[in-house]
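One structure is given here, and the rest of the page talks about it.
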Amino acid sequence: MKNELRLFVIFACVFETVCQSVDIRCYSCTSMEAEQLLNDVTDPNWRRWLENVRNVPYTETCKDYFQVDRAIRSGVKNQNCEDGACMKMWFQEVNGASHVWRSCIPNARDQIRSDCTRVSTSQGEMEVCTCTGNLCNSSPQRSVYFISIFVLCALLSLML
5 MKNELRLFVI FACVFETVCQ SVDIRCYSCT SMEAEQLLND VTDPNWRRWL ENVRNVPYTE
65 TCKDYFQVDR AIRSGVKNQN CEDGACMKMW FQEVNGASHV WRSCIPNARD QIRSDCTRVS
125 TSQGEMEVCT CTGNLCNSSP QRSVYFISIF VLCALLSLML
């Protein structure tokens, strides 16, 4: 019985972390002025991709530190992200003003890994984080969920 319970816990943990559904949901909002951003971007490839910021709700509660209940009351949506990854893009201008865009990158699950990339220029800083869990683009910290699940599963399997 003890071995069967141990196998069940291990199976449940593996299923939770590895076999997530292909379709996830992502928070969708921005705290940046889309037109101002697009006026500053000259590269046609970046511009084409950044035009998607026009399609998400604008609200100051999209910024970090993101409080889900407050954000939802102010108009933040969550959207289906078919075979995709959630994204959070953070900009900080030289003057200290910061802006966030949270959204979905559809049909990109196999091309994008969960990670963060930060770039600094004379105009400010930008960080793009991607993740593949449900509503995972809410947090300024990445991968906390997966680490906690792994630790919990390891402890449970040792205790059994």
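Those letters in the sequence shown? Residues 5 to 164, by this note's numbering.
Cβ atoms here follow ideal geometry from the backbone N, Cα and C, with glycine treated the same way.
| Asked | Found |
| --- | --- |
| Extent of the continuous alpha helix (DSSP H) to which R117 belongs | First-last for R117: undefined, no H or E at that position. |
| N-terminal and C-terminal residue of the beta strand (DSSP E) that C104 is part of | It should be noted that the sequence gives Val, not Cys, for residue 104. V104 -> beta strand (DSSP E) spans S102 to I109. |
| For W53 and C90, the rounded distance between their alpha carbons | 15 Å |
| Residue(s) in a DSSP beta bridge with R29 | N84 |
| Cα-Cα separation between S25 and S107, rounded to whole angstroms | With a pLDDT of only 49 at S25, under the threshold of 50, the placement of this residue in the model should not be trusted; the figure read from the coordinates follows. If you take the alpha carbons of S25 and S107, they lie about 18 Å apart. |
| DSSP state of T121 mapped onto helix, strand, coil | strand |
| C57 in three-state terms, based on DSSP | One detail in the question is off: residue 57 reads as Val in this sequence, not Cys. Three-state DSSP puts V57 in a helix. |
| Contacts around F70, its chain only, beta-carbon distance under 6 Å, and the 5 residues preceding and following it disregarded | S142 |
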